[in-house]
Every structure is written in structure tokens, then in C-alpha cells.
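What follows is one structure encoded as C-alpha cells, with my remarks underneath.
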Amino acid sequence: MVQQLPALLIIVPLLTALVVAMASWISPRLCLPLTFSGLALSLAASIGVLMEVIAHGPVTYTMGGWNAPMGIVYVIDYLSSPILVVITSVAILNLISARKSVEESFPGKTGAFYSLYILFTTGMIGIVATGDAFNLYVLLEIAALTGYSLIGLGNDRAPLASLNYLFIGTIGASFYLLGVGYLYIATGTLNMADLARFMPQMADNSMVLFAFIICMTGLFIKMALFPMHGWLPNAYSFSSTAATGVIAPLTTKVMIYAMIRVGLYVFTPAYIFNTLHMSKAIVWVAIAAIVMGSLLALAQKSLLKMLTYIIVAEVGYMVGGFFLGNRMGITGATLHIINDAAMTLCLFMAAGAISYKLKDDSFASMKGLFRKMPVTMIGFGAGALAVIGIPPTCGFFSKWYLITGGMEAGQYGFVAALLFSSLVNAVLFFRIFEIAHFEPFADPHDHHHHGHSETVNEAPLSMVVPLLVVAAALIVLGIYSGDIVTKIIQSAIPAGIV
Amino acid sequence: MKITGLVTVIICGALLIFYAMDFPDFGDGTSPASTYLSPYFIEHTIEDANVPNIVTTVLADYRGYDTMYETTVVFTAGLACFFLLRRKESQNPPARFYRHTPTGITLRIEEGGKLPAEGSKVFMRIDSLWAPDSLIIKNTCRLVIAFIQLFALYVVAHGHHSPGGGFQGGVLLGSSIILFAISNDLRRSIKRFNEKTSAILGALGVLLYAGTGFLCLLLGAHFLNYKALAPIFRSTAAMARSHGILCVEIGVAFAVMAVMIWIYYNLSSAGKHDEGL
Amino acid sequence: MDIIYSAKPLIAILVSLFVIPILISSRSDNTREAWTFVAAILKFIIIASMAPLVLKGAQIQFTLFEVMPHLAIKLKVDSFGLLFALVSSPLWIITSVYSIGYMRTLKEHSQTRYYCYFAMSLSATIGVAFSANLLTLYLFYEMLSFATYPLVTHHQDQEARSSGRKYLLYILGSSIAFVLPAMLFIYIKTGTFEFVPQGFMAGHFTHGTLLVLLLMFVFGFAKAGIMPFHSWLPAAMVAPTPVSALLHAVAVVKVGVFCVARVITGVFGTKLLLSTDLNTVVCYIASFTIIAASLIALSQDGLKRRLAFSTIGQLSYIVLGVALLSPLAVTGGILHIAMHAFGKITLFFCAGAIFAASGIKNISDMVGIGKRMPITMTCFLIGSLSVIGLPPCGGFISKWYLVLGTLEAGKMFFLFVLLVSSLLNAAYFLPIVYRAFFCTDEESMFENTVNEVPTWCLVPLCITASISVILFFFPQPFLKLAHMTAQTLIGG
Amino acid sequence: MENLIHMIGAKFNYIAYIILMMIGLYALIAKNNLVKKIIGMSIFQTSIILFYVSTAYKTGKAIPIVEHGHGAHSVIHATDYINPLPHVLMLTAIVVSVATLGVALALAIKVYRQYGTLEEDDINSQIRIQAGK
């Protein structure tokens with residue numbers, strides 16, 4: 008059974024999605040339990056694989072019994088296994104949290120929603136687990152298509168935002184496909200490990216150089232690296248919170264994972280960091296992303312929009328960290344994938360609960376929210392602290408590695424950008440806290456004595472409990488980040504990188 | 057925007073062409089792409105799966121896992137169109153058109169007006185873009201559809217030996233129904249092949265594919281390793297692969313057919329499933 | 113030196129955190145406050161129980177999590193940390209008593225929230241005191257910043273909002289902008305964070321880098337209130353008085369100087385600083401703050417604001433003492449943490465009592481108040497004497513050591529600074545007392561009826577005042593701890 | 149010069165795909181009408197398919213179906229057939245592009261339902277008017 012886990016991890020959700028799609032026409036009541044159990048099984052499988060990887064090293068699974076490079080293999084190693092757990096847990100937590108708002112927003116289509124939701128998760132799992140460059144493209148498109156449709160059914164402006172996302176996403180994915188094609192005609196193979204084997208003798212091959220440029224450009228577009236971020240804010244803020252809750256934490260992060268995977272295990276670190284002289288330039292792009300993301304976030308007047316620009320800045324963190332090209336930087340980028348997924352999930356879940364209750368997400372509507380929804384705001388606060396980077400939340404530790412990496416690489420611009428964005432984040436969130444805490448201004452003479460009778464407006468339990476779980480996870484991830492780094496991430500980074 | 061576009065396009069194009077000059081020549085049989093992996097596929101297809109059509113073997117066996125997701129993509133698209141567009145209209149749509157068959161008079165019935173009885177022989181519900189002279193079209197299509205479907209089945213079944221397979225056959229099957237819908241009208245087509253059928257059949261097709269793979273997994277082999285099905289088919293490993301490929305091709309055909317029809321229904325009527333092309 | 117591994121420091125920190133759920137769920141105000149007491153007393157008992165061991169020269173250590181390779185969240189109780197913990201934890205008990213009186217008299221809102229964050233602040237304070245490395249210190253430092261924010265902005269009005277903004281901007285901004293990068297830089301170069309008696313910086317940095325790093329720490333720990341990063345403290349005075357009393361005279365601000373002292377002694381090390389003479393820079397900065405703060409205090413009319421500026425000045429005494437790096441000066445500086453704490457908290461309690469009883473905040477309105485509230489104002493006098501540094505109050509002892517320390521270090525300039533500032537201290541405190549008691553009936557702004565605050569408020573300030581006096585006669589165990597600290601840190 | 153002409157002659161497949169791709173890209177960037185953009189997107193994707201399939205071609209070789217597959221005694225030579233792998237990959241890519249097209253059209257219909265137009269500047273001005281309210 009253990010050796011089948013890598014397949015079950017992704018096949019179970021796929022089968023579930025199909026069964027849910029059928030069940031929605033026969034007995035809609037079954038959809039939610041089915042969805043939940045499918046994702047739960049997948050989560051269990053991902054945890055099992057993680058244990059297996061920690062205990063015995065990377066796991067390889069040949070699809071159809073064909074060995075690489077003939078067939079498609081799944082390679083679950085130190086890099087992918089933690090991300091898999093993150094994906095499945097994010098999906099399941101957001102599912103619980105989003106249940107109420109799904110039933111409200113998509114009457115008669117909940118089955119289709121759940122089915123698309125699982126397919127999206129399946130795509131994400133596949134991108135992470137696959138060891139085949141072309142298979143990655145197919146799964147990328149599954150995740151993208153489901154993403155477009157989930158985003159497209161939001162408020163009035165969602166379809167146009169989603170259509171723009173679709174155009175840009177298609178360009179990005181096609182660029183990636185083209186890059187894979189270039190690699191294919193240069194080497195004749197599609198398997199990642201096999202491609203990496205060819206790299207040393209391809210160091211001055213212009214096809215490979217162009218493949219690198221175009222692959223990375225494609226992934227940069229998909230992950231919304233500034234200045235290619237244009238699609239993200241609208242797409243994420245106009246869609247339903249049930250959908251954003253899973254798309255926002257995962258899409259960009261998984262794309263960054265894909266970048267790291269393709270960078271480290273296809274083009275090899277020796278090629279990108281030593282042969283090419285682009286990493287410095289890309290780090291500067293990342294710096295621009297961090298600074299601009301933070302500044303644009305400052306200019307926003309609604310919660311979701313602000314969060315989306317924070318995502319843009321966070322993408323800069325990870326891209327910059329990776330292209331620092333040293334162990335610390337890559338460790339930071341990888342750890343930040345995990346942490347940022349948790350942080351973003353926490354914030355978007357809180358935002359989901361808030362907009363579920365208020366039907367609005369402008370700052371102005373958040374007055375007095377600490378009194379009305381104290382528990383939600385505690386969760387939101389935890390997420391905010393993590394984004395700012397306050398210990399012992401996880402955000403502090405990944406930022407720590409990133410800054411250390413920046414200092415080691417002598418990229419003080421990157422260090423300054425990280426600190427700057429931390430400060431801006433502090434301003435951003437405390438602005439919200441102030442509004443939620445102070446307004447409407449209490450009359451100084453009216454020292455009312457209500458105790459806790461004001462918690463009546465709290466979001467439903469199904470939203471609050473997962474939110475608190477994620478909030479607690481932020482701290483747990485922070486406390487155990489030492490273990491995560493030494494036991495998992497350090498082994499994920501090729502030995503050549505110091 | 058036009059100028060930006062032009063500049064981007066020219067720069068991109070120039071770069072791409074510049075780098076393309078290092079690529080292998082067109083039709084070069086000695087490039088790495090042709091000499092590294094593909095010889096294995098070509099030389100082992102008969103031995104491994106007993107299927108002469110190498111594309112079919114690679115598609116459904118060596119890289120069968122990709123193809124499963126390809127089918128899933130199709131299904132996803134159908135589901136996405138449904139999710140985005142489908143809406144249940146109230147019983148009284150804005151306006152409907154009826155044709156009084158004996159006289160040929162067309163009636164436009166406004167919202168809330170009294171509608172003719174459902175099974176009325178005299179009044180025929182027509183689309184707003186209805187054209188009366190459709191006798192030739194209707195009958196030709198009626199004649200052709202059967203042949204299209206027969207050919208589609210041949211394409212599905214004969215994918216092992218000639219160009220063809222599940223996708224091509226599925227598209228042909230789907231197009232036959234779409235042709236029916238175009239030549240008659242959407243409502244009549246939905247009556248024969250309704251939305252629920254297409255939705256379930258689409259999922260079922262993918263399920264057939266994934267289920268075959270899962271069956272292999274249950275039988276102890278790796279996912280999609282059709283060799284494990286040998287005891288069920290009572291055949292050699294190679295023949296089991298061949299049969300396995302047929303199973304998944306049928307699944308693909310179902311899925312593609314159903315989804316094509318489903319997408320057509322949703323797109324052509326903007327999700328109302330009432331009037332359409 | 114004995115090292116004992118025990119979870120006691122962790123329990124001491126957590127005890128106030130664990131009580132928070134109980135506080136939230138308690139139905140009546142009485143149970144809530146009873147639980148606060150339980151936590152406060154437990155905390156004190158646990159901390160006090162560690163004192164005998166530490167006084168014998170042992171160290172108590174506890175490692176929690178290894179959050180990064182070779183870098184753990186680690187607790188350590190040494191004489192310095194214990195001294196600080198021994199100052200703050202009993203004061204929490206006393207402040208809790210005072211809070212009950214103050215908050216109930218003024219019928220403040222959201223009292224549960226108030227007690228919860230108060231408990232959390234104390235956890236963080238003790239955490240800072242028991243931190244064994246820079247990372248743990250930073251963790252609790254930031255936790256304290258956030259835990260005190262809701263307390264500062266307790267009134268939730270426009271004034272609280274702008275003060276809260278200033279508070280966070282200074283405290284959080286400086287720690288993210290200065291302390292964090294400095295820490296990281298040190299970590300990259302040295303690979304360790306552990307506080308050790310002679311520091312771990314030697315041999316890794318150039319002179320200029322050392323200076324920059326030192327200044328980043330001194331200013332980055334803005335809770336120490338070193339100018340120009342001081343103005344959050346007067347702003348924070350909008351908080352309810354118990355908060356100002358415990359947090360902004362003892363816990364928060366002392367955490368700031370504690371951090372500075374820790375970094376100077378445990379990270380940089382005395383030998384390194386003496387050999388490079390960088391400590392003098394810090395001494396000058398501290399001296400400037402001492403004089404400037406005292407001068408500003410003279411011009412303040414709001415009693416709490418005057419106290420705040422006095423605190424800023426007094427904090428720099430401690431920094432000055434530590435930065436002089438002579439054994440006696442360090443002893444004096446560290447002892448001043450304790451002595452000033454008892455003195456200043458008395459003053460704040462008095463200010464709060466005056467406000468609770470009469471609603472008066474400004475000094476100019478307090479003419480003749482001594483006749484109306486004799487006990488309160490007597491305590492105020494004792495507190496003032498302690499802060500000025502006159503016998504028979506504890507403040508005298510610490511200042512005496514400081515003065516001796518300047519002589520020992522041979523830096524007469526700082527002796528002069530200490531003396532001038534003592535005069536200034538007297539100049540801004542004694543007139544208040546004088547005008548409160550000695551005025552003609554026409555000048556008095558009050559009728560001659562005795563109208564003290566409720567007992568809940570009165571008792572605590574009497575206790576702290578008497579402790580201030582007692583400490584003059586029996587300065588142990590604080591003196592012993594300060595001596596030990598100076599010895600281990602400086603080796604003199 | 150002769151060299152260049154030779155090169156273009158030998159690599160015209162790449163040039164063809166690049167030109168197609170740029171047409172698609174131009175439409176995606178510069179066109180105002182959403183359906184035209186969708187068409188551009190389709191051309192863009194198709195160009196990549198063309199690229200892949202053209203790399204599979206070997207001059208004068210047979211399509212990848214083994215002749216006399218069953219019962220043949222002769223050995224199969226890989227050099228006799230063109231490369232099957234790109235065809236397989238492109239079958240997937242075609243399906244993906246069709247699926248994307250479907251979803252794009254569905255979204256375009258929704259946009260049309262919302263704003264009554266598919267011209268992007270009209271839609272944007274409508275959004276601006278709404279935001280101004």
C-alpha cells in the first residue's frame with residue numbers, strides 16, 4: 008500500500024471529482040461528504056508520503072509501469088512532499104470554511120463547484136508531484152481551467168477579470184509549453200531527471216538558453232511576478248471568497264514551486280547560477296515586485312484588493328530568494344512557499360468570513376469589527392502578524408532565511424526591500440486594526456459594561472473553527488520551522504549549493 | 057495599445073527567429089528528438105502492446121497518464137461552461153415565438169402571455185431566428201447523421217491500426233448530435249440527449265479511463281499498468297495492454313462526445329437551454 | 113557554575129498565558145479578578161523559588177524548540193534576569209489590586225480584555241527576562257509590543273488612536289528596521305546568538321561596523337526610551353493608570369533597558385567595548401537623554417506626562433550605568449532597575465489615585481491636594497525621594513553606586529551629569545509635593561475635607577511606598593543579585 | 149547571403165510558427181474585441197502545435213503506424229517512421245486549447261450578458277461610470 012501512496016494521493020481526488028460531478032445530478036446531498044472524504048483521503052496519503060520520504064528518502068512512482076524516460080514518473084522528494092501536505096490541507100480547511108458561502112453563492116451548482124474545486128486541487132497536487140516536464144503542463148492547464156471557471160463566477164466584474172486572467176494565463180502556459188518543446192528538440196526527452204542529466208553538456212547551447220528564458224517567463228507570468236501581475240488583483244478580489252480561499256493561497260505558491268523545481272531539477276543550479284548571468288537581474292525584478300506590491304497595497308481601499316497586492320509582494324520574496332542562488336535564500340524561498348500558503352489561507356479565510364457576514368469588504372465597512380466578530384479578528388490578527396513577520400509566527404522564520412540569504416549574497420537591495428515591505432505590512436494591517444478597533448469612536452463618557460454579550464455577530468462555527476486551526480498552524484509552523492528546515496528542506500536543495 | 061502590441065510582437069518575433077536559426081533543420085531525422093526516445097516507442101510498440109499505431113500506444117499506454125488528464129481537461133471544460141453559464145430561467149421567458157402550422161403565421165408571445173398547450177399539433181414553438189425552408193437540410197442531416205456515427209464508431213474501434221482513437225471518434229459522435237441540434241432546434245435535441253445524460257456520460261467516460269487505471273492499481277500493479285488486467289482478459293501481457301488501450305479509448309470517446317454536446321448546449325443558448333442556434 | 117535544567121522558567125512565563133482562557137470564560141468580575149490574583153501570586157512564587165538557587169550561583173536553563181538549525185528558543189535564569197523578574201512579578205500582584213480599585217471606580221469598559229492583555233504582557237516581560245539568546249529575546253520583545261497595544265489604546269477614542277499609532281510606529285518600526293537586520297547580520301557573521309559573559313562579537317567585525325551595530329541595538333530597542341526614540345512614552349500615557357504604572361514605569365520600559373544591557377554585556381562583551389571605547393558613545397547618548405528628559409519634564413504640566421519624561425531620564429541612568437562598564441556602575445545601573453521601579457510605580461499609583469478621586473490630571477490644579485489626600489501625597493513624597501535619590505529611600509543606594517561607578521571608571525563628566533540631573537529631578541518633583549501640602553486656604557483649590565481613594569487603590573500605593581523605604585535599609589536580595597550580575601558580566 | 153537563404157529554407161517551419169504565434173500575440177495585446185482576442189489566443193496556441201508537429205517530421209518517412217504490424221516478420225526500423233511523440237503531445241495540447249477556447253467563450257458570453265458589448269473600451273468606460281456613482 009505504501010508504494011501506491013503517490014498514485015492514491017492524486018487519483019483519489021480525481022475519482023472523487025468525477026463521482027461528485029455525477030452525484031450532483033443524482034443526489035446533490037452526497038456532494039459535500041464525498042468531496043470532504045476524497046480530500047481527507049488525499050490529505051492522509053500526502054502525510055503518509057511525507058513520512059515515507061522523511062524515513063526512507065524520495066519516492067518514485069512509475070505511471071503505467073513504464074520507467075523514465077519512456078513513461079511518466081512521479082517523484083516525491085524532500086521538495087515536493089511538504090508542499091503536497093500544504094496543498095491538501097489548504098484545500099480541506101478552506102472547504103470546511105467555505106461550505107456555507109458555497110451554498111449561498113451557487114445555488115443548484117454546488118456539485119459543479121465541488122467537482123471543480125477538487126479538480127483544481129488535483130491539478131495542484133499533480134504539478135507538485137510530477138517528474139515529467141510535459142505532464143506538468145497538462146496539470147497546469149487543469150488547475151488553470153478550473154481556476155478560471157471558479158473565479159469567473161463571482162461578482163459582476165468577475166467574468167471580465169477571469170477572461171483577462173485566462174488570456175494571460177494561456178500565454179504563460181503556452182510559453183512554458185514552448186520552452187519544454189525547445190528542451191525536447193535539444194535533448195529528445197521530457198523527463199525532468201533525464202533533462203538534468205543532459206544539462207552539463209548543453210551549457211552553451213542557445214536552444215537551452217532560450218528554453219530557460221521562455222520557461223521562466225511563462226512561469227513568471229503564471230505566478231504574477233511584477234510587472235506581469237496585472238491579472239491577479241482583479242481576478243482574486245472579484246471572485247467568490249469560497250474560490251479565492253483556495254486559489255489565492257495555492258496558485259502563486261505552486262507556480263513558484265514549479266519554478267524552483269524546473270530551476271533546480273531541470274536546468275540544474277550549476278547552469279542557472281553559474282553559467283547564466285541573469286540571477287542578479289531577476290533579483291532586481293523581485294525587489295521591484297516587493298516594493299511595488301507593498302506600495303500598491305497601501306493604495307487600496309478594500310480588504311481583498313489589499314491582500315491581493317500583498318500576494319504580489321510575497322511572490323517577489325520567493326522569486327528573489329530563489330535567485331539569490333545560495334542555500335539560505337533557496338531555503339527561505341521554499342519555506343516561504345509553505346508559510347505563505349498558510350498565511351494567505353488564514354487571511355483569505357478571515358476575509359471570507361468577514362465578507363460573508365458584512366457582504367462587503369471595504370475598509371469603511373469594517374468599523375467596530377473587533378467587537379462584532381472577535382474570534383474572526385483574532386484569526387485575522389494572527390495572519391497579519393505572520394505576514395508582517397513577527398516571531399514566533401512562521402512568517403518571521405522564512406523572512407529570516409531570506410534576509411540571511413540576501414546578506415550572504417551581498418544583495419542588500421533585497422534585504423532592504425524585505426524590511427521595507429515588513430514595515431509597510433505593519434502599517435497596512437494596523438490601519439485595519441485601528442478601524443476595526445476604534446471606529447465608530449466610543450463616546451468617552453459612555454463607559455458601557457457589556458462583557459461578552461456582543462459576540463452575537465460572529466461568523467458561523469464552520470468558518471471560525473478552521474480559521475483558528477490555521478491561525479494556530481501559523482505558530483506551530485513557526486515553532487517547528489527548525490525541524491522543517493533541517494529534516495526536509497535542507498535535503499531538498501542539491502548539495503552543490505552553498 | 058496597437059503600437060505597444062506591434063513593438064512587443066516585432067521584438068519577440070525577431071528574438072524567436074534569431075534563436076530558431078540554431079534549431080535542427082526541418083525534416084532532419086538525426087536530431088536528438090528523433091534519435092533519443094522515439095526509436096524505443098517505434099520499435100517496441102508491437103512487442104509491448106501489440107498495437108501497430110504507435111501514436112495510439114504512446115498516447116494511451118506509454119504516456120497514458122497524460123492522456124487521462126487530457127480527458128479530464130475536456131471534462132473540466134464542460135463542467136466549467138456549465139458552472140459559468142447555466143441558469144434556470146423562470147417559467148415565463150421574455151418572449152417566445154410560435155408558428156401556426158396550417159397558416160404559417162408566426163406569433164410572438166410576450167412575457168406572461170398565454171402560451172399554447174405543450175403538445176399542441178397546430179402551434180409549433182420556433183426560435184427567433186427560425187427559417188422556414190429547412191426540408192432539405194433536415195432530411196440530409198437525418199440521413200448523414202447515422203453514417204457519421206457509424207464512422208465514428210469505426211474510428212474509435214480501429215484506432216489501434218489506423219489513424220483514429222477515442223478523441224477523434226468522440227468528436228465525430230459529438231458533432232453528429234450537434235448537427236442534429238443545428239438542423240432541427242436545440243429543444244428537440246435536448247429532448248433526445250438531455251443535459252443530465254451528457255453531464256453524467258462525460259464524467260463516466262473519464263471515470264472509465266481512471267477506473268481502468270485504478271483497477272490495475274487494485275490488482276497490485278502500478279496505476280494504468282494494463283498488464284495487470286491480463287488475468288481478466290485471459291490474454292498475454294501485450295494483448296492485455298492492447299485491450300486496456302481499447303477500454304480507455306472508449307472512455308475517452310464517451311467523455312469527449314458528451315462534453316462536446318454539453319458545451320454546445322451551454323454556449324449556443326447562453327446557458328438557458330431554451331433557444332439556441 | 114552549576115547549570116540546572118528545569119522547566120520552571122517556562123512555567124513562570126506560561127502561567128499568566130494559561131489564565132487568559134479562564135479570564136475570558138469567567139462569568140463574574142469577581143472570579144475574573146480572583147484568577148488574575150491566582151496567576152500573579154503563582155508567578156511570583158515560582159520566580160521566587162528560583163531565587164535561592166540563583167543566589168548560590170547556579171543557572172537554570174530550559175530549551176524549548178530548535179526553530180532553526182543550532183538556534184533554539186531557549187530560556188535561562190541568571191542573576192540579572194532573576195532580578196528583573198523579581199521586580200516585575202510582585203508588582204503585578206500589587207498592580208492587580210490597584211487595577212481593581214481604579215477600573216471599578218472609573219467604571220472602565222472591556223475590563224476582561226484589559227486583564228487578558230495585562231496577563232499576556234507580563235508573560236512577555238518575564239520571557240524577556242529569562243531569554244537565553246537574542247532570538248528568544250526578540251520574540252518576547254515583539255510579543256510585548258503587541259500585547260501592550262490594546263492596553264495603550266484602551267479608551268478607543270481619537271486620542272488613544274493617535275497615541276497607539278505613535279506607540280507602534282516607534283516600537284515596532286525601530287525593532288524591524290534596526291534590531292532585526294542587526295541581529296541577522298551578527299548571526300551571519302558569528303553563527304550564534306547565545307548570551308555569554310564576554311559576548312561573541314570579538315574578532316568578527318571592524319570598528320565602524322561595531323559602532324553601527326551597537327547604535328542599531330541601542331536605538332532599535334526603542335522601549336528603552338533613548339532620545340530621539342522616546343516620544344512614544346509620553347504618548348502612551350493615555351492608557352489607564354495601572355497600565356502606565358506597571359508597564360510604562362516598570363515592565364515595558366525596563367524590558368527596553370534590559371535588552372540594551374543584555375546586548376551590551378552578553379553580545380558585545382565588556383572587553384571588546386572597552387578596547388574599542390565604543391561604550392563611551394552610548395554613555396554620551398544616555399547622558400544627553402538624562403539631561404534633556406529632565407529639562408523637558410520641568411515644563412510638563414500633565415502629571416503623568418511629567419512622570420513619563422522622568423522615566424525616560426531614569427531609564428538612561430540604567431543605560432549609562434551599564435555602558436560605563438565598571439563593576440560598581442553596572443551594579444548601580446542594574447540595581448536602579450529595581451529601585452526606580454518601586455519608586456516610579458508609587459508615583460504613578462498616586463497620579464492614578466488623584467485622577468480617580470478628583471478627575472485632575474494637571475499639576476497646576478493640584479494646589480492643596482495634600483490636605484485632601486494626605487496618605488496619597490505622603491506616598492508621592494516617598495516615591496519622589498526615591499526617584500531623586502535621597503535617603504531614606506531605595507533610590508539613594510542605586511544612585512550611590514552609579515556615582516561611585518563614574519569615579520571608578522574615571523569619567524568625571526558623567527558624575528557631573530548625574531548630579532545635575534538629580535537636582536533637576538528634585539526641581540520637578542518637590543514643588544508638586546510642596547504645593548500640595550503647603551498652601552494657604554485661599555490658594556487651595558479644594559475644600560478641606562479628607563476624601564481618599566478607595567482602599568483597593570490606596571493599599572497598593574502604600575505598599576510600594578513602604579517597600580521603597582524598606583529597600584533603603586534592606587537592599588537584599590536585589591543588591592546581591594546586582595553584584596553577582598556585575599561580577600559575572602564584567603568579571604571585576 | 150546564400151547561407152541565410154539556405155537557413156531560411158531549411159528552417160521555414162520555425163519561421164512559420166513564429167509568424168503565426170506573433171499574429172496571435174498581436175491580436176491578444178492589441179485587439180479591442182474580446183472575441184478577436186479569443187481568436188488570437190487560439191492562433192497563438194495553434195502555432196505551438198505547429199511547432200511541435202513540425203519537429204516530428206522526417207523527410208520521406210512514413211506515418212507512425214507500423215506496416216503489416218501483425219504477423220510481420222521483418223524487423224521494425226525506427227528510422228523508417230516519423231517521430232510519434234510530438235503528435236501525442238500535441239493531441240493533448242489541442243484538447244487543452246479547445247477546452248480553453250470553450251471556457252473563454254463561456255466567459256465572453258457572461259461578459260456580454262453583463263455589459264451588452266464585447267468591445268473592451270466600452271466595457272471599461274461602463275465600469276468607470278459605475279465606479280463613479
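Residue numbers (my numbering), protein chains in the order written: chain W, 8 to 505; chain G, 57 to 333; chain P, 113 to 604; chain E, 149 to 281. Backbone N, C-alpha and C fix where the C-beta goes; we use that ideal spot for every residue, glycine too.
query: Quick check: the stretch 223-243 of chain P against the stretch 392-412 of chain P, are at least 3 beta-carbon pairs closer than 8 Å?; result: no
query: Tell me the rounded alpha-carbon separation between W/Tyr-264 and P/Tyr-229.; result: 39 Å
query: When the Cα atoms are used, what is the spatial distance from P/Leu-281 to W/Leu-352?; result: 27 Å
query: Using only the alpha-carbon positions, how far apart do W/Met-70 and W/Val-82 sit?; result: 11 Å
query: Residues of chain P with a CB under 8 Å from the CB of W/Pro-441: which are they?; result: A small correction: the amino acid at residue 441 of chain W is Glu; Pro does not occupy that position in the sequence shown. What W/Glu-441 touches in chain P: Arg-273, Gly-276 and Arg-277.
query: Taking all protein chains shown into account, decide if W/Val-492 is buried (16 or more other Cβ within 10 angstroms of its Cβ) or exposed.; result: buried
query: List the residues of chain P that W/Ser-88 touches, going by C-beta distances under 9 Å, in chain order.; result: Those within 9 Å of W/Ser-88 in chain P number zero; the least Cβ separation is about 19 Å.
query: Distance cutoff 9 Å, beta carbons only. Does E/Met-189 sit that close to anything in chain W?; result: yes
query: Could you round the C-beta distance between W/Thr-341 and W/Leu-86 to whole angstroms and report it? I think they count as a contact, below 8 Å.; result: 7 Å
query: Please name the residue or residues paired with W/Asp-139 in a DSSP beta bridge.; result: W/Asn-198
query: Residues in the stretch 286-301 of chain P with C-beta within 8 Å of chain W's C-beta atoms, listed in sequence order?; result: Ile-288, Ala-289, Leu-292, Pro-293, Leu-296, Phe-297, Tyr-299 and Ile-300
query: Using C-beta distances below 6 Å, list every residue in its chain close to P/Glu-306, excluding the 5 sequence neighbours before and after it, in chain order.; result: Asn-245
query: Does the beta-carbon of P/Asp-190 have 16 or more other beta-carbons within 10 angstroms, so that it is buried, or is it exposed?; result: buried
query: Excluding the 5 residues preceding and the 5 following W/Val-60 in the sequence, name in chain order all residues of the same chain whose CB lies nearer than 7 Å to its CB.; result: Val-66, Ile-83, Asp-84, Tyr-85 and Ser-88
query: Under 9 Å, do G/Arg-143 and G/Gly-327 count as touching if we go by C-beta distance?; result: yes
query: The stretch 77-97 of chain G: which residues have C-beta closer than 7 Å to a C-beta of chain E, in chain order?; result: Met-77, Phe-79, Asp-81, Phe-82, Gly-83, Gly-85, Ala-89, Ser-90, Leu-93, Ser-94, Pro-95 and Phe-97
query: Note down, in chain order, all residues in the stretch 218-231 of chain G with a beta-carbon under 8 Å from any beta-carbon belonging to chain E.; result: Ser-218, Pro-219 and Phe-223
query: In chain order, what residues of the same chain lie with their CB nearer than 8 Å to the CB of P/Asn-474, ignoring the 5 residues before and after it?; result: Asp-413, Gly-414 and Leu-415
query: Between the C-alpha atoms of P/Ala-450 and P/Thr-443, what's the straight-line distance to the nearest angstrom?; result: 11 Å
query: I'd like to check one pair, G/Gly-222 with G/Val-111: are the Cβ atoms closer than 9 Å?; result: no
query: Could you tell me how far apart the beta carbons of P/Tyr-207 and P/Ala-357 are, in whole angstroms, since I believe they sit closer than 8 Å?; result: It should be pointed out that residue 207 of chain P corresponds to Thr in this sequence rather than to Tyr. The Cβ separation is near 6 Å, so the contact holds.
query: Which chain G residues sit within Cβ distance under 7 Å of W/Pro-76?; result: Leu-93
query: Are the C-beta atoms of W/Glu-148 and some chain E residue less than 9 Å apart?; result: yes
query: Whose CA, out of P/Ile-134, P/Ile-115 and P/Lys-186, lies closest to the CA of P/Met-162?; result: P/Ile-115
query: From W/His-454 to P/Leu-390, what does the alpha carbon distance come to, in whole angstroms?; result: Annotation note: pLDDT 45 at W/His-454 (below 50); position unreliable, no value reported.
query: For W/Leu-170, which residues in chain E fall below 7 Å Cβ to Cβ?; result: Leu-182, Ala-252, Leu-255, Ala-256 and Val-259
query: On the criterion of 16 or more Cβ atoms from any shown chain inside 10 Å, does P/Tyr-117 qualify as buried, or is it exposed?; result: exposed
query: Compare the C-beta of E/Leu-266 against all C-beta atoms of chain G and say whether one is closer than 9 Å.; result: no
query: When we look at the beta-carbon of G/Glu-305 and count the other beta-carbons within 10 Å, is it buried (16 or more) or exposed?; result: buried
query: In whole angstroms, give me the CA-to-CA distance for G/Phe-207 and G/Val-227.; result: 11 Å
query: Just to confirm my understanding: we take W/Lys-107, look at its own chain, exclude 5 residues before and 5 after, and list those with CB closer than 8 Å. What are they?; result: Tyr-363, Pro-467, Ser-469 and Met-470
query: When the cut-off is 9 Å and only beta carbons count, does W/Lys-494 lie next to chain G?; result: no
query: Got a sec? Which residues, its chain only, sit under 7 Å from W/Tyr-408 by beta carbon, not counting five neighbours each side?; result: Met-335, Thr-338, Gly-339 and Leu-342
query: How big is the Cα-Cα spacing for G/Gly-225 and G/Met-313?; result: 8 Å
query: What are the residues of the stretch 294-306 of chain G that lie near chain E, defined by any Cβ-Cβ distance shorter than 9 Å?; result: none
query: Here's the rule I'm using: 16 or more other beta-carbon atoms within 10 Å means buried, otherwise exposed. How should W/His-457 be labelled?; result: A caution first: W/His-457 carries a pLDDT of 44, below 50, which makes its placement in the model too unreliable to give a value.
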